[in-house]
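Heads up: the sequence shown runs through residues 1 to 209, numbered per the UniProt record's numbering. Even glycine gets a Cβ: it sits at the ideal position worked out from N, Cα and C.
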Amino acid sequence: MEVRSELKQNIYEIFKDFMTGITKLEELDNATNIFLLRFQQGLCLLKRSPILTSSKLIENILKNNETRRLKSYVEAGCINIDDAARSTRASQSLLSDLERLTDDAALAIETATKLSTQLDEESSDDLRQVTSEENETVHFAQEPEVTEYATIIAVVYSMVKQNYVMQEKIVRSLSLKTSFDELDTYTLMWSLRPFVEDKIMNRAWKCIY
1 MEVRSELKQN IYEIFKDFMT GITKLEELDN ATNIFLLRFQ QGLCLLKRSP ILTSSKLIEN
61 ILKNNETRRL KSYVEAGCIN IDDAARSTRA SQSLLSDLER LTDDAALAIE TATKLSTQLD
121 EESSDDLRQV TSEENETVHF AQEPEVTEYA TIIAVVYSMV KQNYVMQEKI VRSLSLKTSF
181 DELDTYTLMW SLRPFVEDKI MNRAWKCIY
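Put into structure tokens, the structure is as follows:
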């Protein structure tokens, strides 16, 4: 029936919009992961240990190969002053970028929520009514595809929401005082995406293509 076809098409369009939002969220996820890795590298530069100049061997090497730049480097604790300043500015800038990307992800989640609510309203009844030309009411069961779209949206939304909450906590906890062990754990959890099931995501994309 025409109404049934329109219902199916309408919900399919909602599903496509939802998955478009998921794509944008994954792009933000990848971009933020790059910033996180760069922040880790910058923090390692700032916190690396100084050369042990008390060692006779090291002292002789430095003395025989001493240059103004090397001397300044050692006196600064193996961190060139300019490099340290640049790294500090870059780290603070990366923190701001992480905050911005987190806010963008929150907006994407909000949009996905609205689409999920819209789908719930569209498919709230298991039976649809169509009035025929004779003004007789005909009932037909909801299409299996429609039910599947609704289920996938609910499951995918729940997964990415939990993953986003984890990422938000990671970003909010970052500072120049963050330990290396903490950063290693953060980057590992970010890449693993523990709340996201790849099989479910693949099933969702198969509904599009």
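Distances from the CA of Lys161 to each of Thr185, Lys206, Trp205 and Pro194 were compared; the closest alpha carbon is that of Pro194. If you draw a straight line from the Cα of Thr23 to the Cα of Leu174, it comes to about 26 angstroms. Here Tyr209 carries a coil assignment [DSSP, helix/strand/coil]. Considering only Thr20, Lys56 and Leu43, the residue with the shortest C-alpha distance to Glu182 is Leu43. In chain order, Phe35 place their CB closer than 7 angstroms to the CB of Asp97, counting only its own chain and leaving out the 5 sequence neighbours on each side. The C-beta distance from Met201 to Val165 rounds to 18 angstroms, too long to fall under 8 angstroms, and the pair is not in contact. Residues Met159 of the same chain have their beta carbon placed closer than 7 angstroms to that of Glu197, with the five preceding and five following residues left out of the count. In this structure, Tyr186 lies away from Ile11, with their beta-carbon atoms at least 9 angstroms apart. Counting other Cβ atoms within 10 Å of its Cβ, Gln167 reaches 16 or more and is therefore classed as buried. The residue among Trp205, Asp104, Ala204 and Phe15 with its C-alpha nearest the C-alpha of Asn30 is Asp104. In this chain, the alpha helix (DSSP H) harbouring Phe180 covers Phe180 to Leu192.
By the Cβ-count criterion, Asn163 is buried, with 16 or more other Cβ atoms from all chains shown falling within 10 Å of its own Cβ.
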